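**Student:**
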Amino acid sequence: MIHFSFFFLIFSDLDMGDSAPSIGGNTCGPADYDYLIKFLALGDAGVGKTSFLFQYTDNTFNTKFISTVGIDFREKRVVHRVQAIDGTIGRSQRIHLQLWDTAGQERFRSLTTAFFRDAMGFLLLFDLTNEQSFLNTRNWLTQLQMHAYCDNPDIVLIGNKADLEDKRKVSEEQIQDFTEKYNLVYFEASAATGQGVAKAVEYLLDKVMISMEQCVDKGKLSRKMGRFVGNKLNVTEIDSLDNRSNWCGC
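Those letters in the sequence shown? Residues -19 to -1, 1 to 231, by mature numbering (1 follows the signal peptide of the UniProt record, and there is no 0).
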C-alpha cells in the first residue's frame, strides 16, 4: 500500500493580490487556480455538517444550531502536493475548493440529490452521540450509488462530535464492521474543537487529486468529463453523463 503525506498551504498566505475568493460566491478569475473541485457534505439533520465545514474553512465554531435550508456552500483555497513513500513529490496544484452543505431533512432530499453528479468527492457525516444517524448512513450510500457521477465515488465517512465522549452511542466495533463492509475510510472529528476536521477533508482531496492527475496524464479526462477555460480545467462541468465509468476507471 502506498502512503501519502499531505502538503497544504492556504492561498491567503500567498501573494495573491485581490484574487482571494469571497465566501458564498465565486468571484475568482480563471487565472487564479488550476482546479475547481466540489465536495458535498451529506448526513442527517443535526449531525454537524455546517459546523464541520465552518471549522475547516474559518477555524470557527458556532454553538447555536442553525439548520441548513436547501443548499449552501463554503470556499477555500489550498496549494496541493502529494508525496509518495518513495519521496517522489507530485506537481503543485492551486485548488479552488467548494464545499457544498446540504440539508439533511427528508423534504429537501430531491434538491440535495440533484447536486450529486457535480461533486467529485463526498463527506458522509454522522453523529457519534446519535446511533440512528449512523444507521442512516446506509441510506445515504444508497442515494450516492443512484445519483453520484460514477458507481464508486470517493467517499470519506466521518463520525462527528468526538469531543462528547461521555455521550457516545456508536461503538468502534459498529463502525469497523460498517467500514469493512462498504470499503470506506473513516475519520473521527469534532467540529467544536477542530479535531480531525482538516485531516478528513485533506485525505479526500488527496484521493481525488491523485485520480485526476492520473486521468490528465493518461489523456483520459476527455471533453465529456471536463472543460478547459484557457489552460485551466474545470472538472465539475460535465456535459455528458452517458459514460460514467470513464472517470472512475482512472
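Beta carbons are placed, not taken as given, at the ideal position from N, Cα and C, and that holds for glycine. Predicted model only: the values in this text are computed from it and were never measured.
Which of the three DSSP states, helix, strand or coil, is assigned to N141?
**Tutor:** Locating residue 141 in the sequence shown gives position 160, counting from the first residue. N141: strand per DSSP, three-state reduction.
**Student:** Please report the residue range of the alpha helix (DSSP H) in which Y16 lies.
**Tutor:** Residue mapping note: residue 16 aligns to position 35 of the sequence shown, counting from 1. Segment 16 to 23 is the beta strand (DSSP E) holding Y16; no alpha helix (DSSP H) there.
**Student:** Kindly list the residues whose CB is nearer than 6 Å to the CB of R98, restricted to its own chain and excluding five residues on each side of it in sequence; keep chain order.
**Tutor:** Counting from 1 along the sequence shown, the entry for residue 98 is found at position 117. Once the five neighbours on either side are set aside, the close Cβ partners of R98 are Y130.
**Student:** Determine the DSSP secondary structure at R98, reduced to helix, strand or coil.
**Tutor:** Within the sequence shown, residue 98 is the residue found at index 117, counting from 1. Three-state result, R98: helix.
**Student:** Out of L165, L23, L17, which has the shortest C-alpha to C-alpha gap to N117?
**Tutor:** Counted from its first residue, the sequence shown places residue 117 at position 136. Among L165, L23, L17, the Cα nearest to that of N117 is on L23.
**Student:** What did DSSP end up calling residue 232 once you bin it into helix, strand or coil?
**Tutor:** Residue 232 lies beyond the stretch modelled for the chain, which goes from -19 to 231, so this question has no answer here.
**Student:** N141 to L105, Cα distance in whole Å?
**Tutor:** Here residue 141 refers to the residue found at position 160 when the sequence shown is read from its first residue. Here residue 105 refers to the residue found at position 124 when the sequence shown is read from its first residue. Computed Cα separation, rounded: 10 Å.
**Student:** K148 to T110, Cα distance in whole Å?
**Tutor:** Numbered from 1 along the sequence shown, position 167 holds the residue referred to as residue 148. Numbered from 1 along the sequence shown, position 129 holds the residue referred to as residue 110. C-alpha separation (whole angstroms): 5 Å.
**Student:** Checking the sheet assignment: what are the DSSP bridge partners for T123?
**Tutor:** Taking the first residue of the sequence shown as 1, we reach residue 123 at position 142. Beta-bridge pairing links T123 to no other residue.
**Student:** Using only the alpha-carbon positions, how far apart do S192 and H128 sit?
**Tutor:** As a position in the sequence shown, residue 192 is number 211, starting the count at 1. As a position in the sequence shown, residue 128 is number 147, starting the count at 1. Cα to Cα, the separation comes out at about 20 Å.
**Student:** Is the beta carbon of T44 less than 8 Å from the beta carbon of D82?
**Tutor:** Within the sequence shown, numbered from 1, the residue matching residue 44 stands at position 63. Within the sequence shown, numbered from 1, the residue matching residue 82 stands at position 101. Result no, Cβ atoms of T44 and D82 do not sit closer than 8 Å.
**Student:** Is L109 helix, strand or coil by DSSP?
**Tutor:** Numbered from its first residue, the sequence shown carries residue 109 at position 128. Three-state result, L109: coil.
**Student:** What residue range is occupied by the uninterrupted beta strand (DSSP E) comprising T83?
**Tutor:** As a first step, residue 83 is located in the sequence shown; it is residue number 102 there, counting from the start. Run containing T83: 74 to 83, per the beta strand (DSSP E) assignment.
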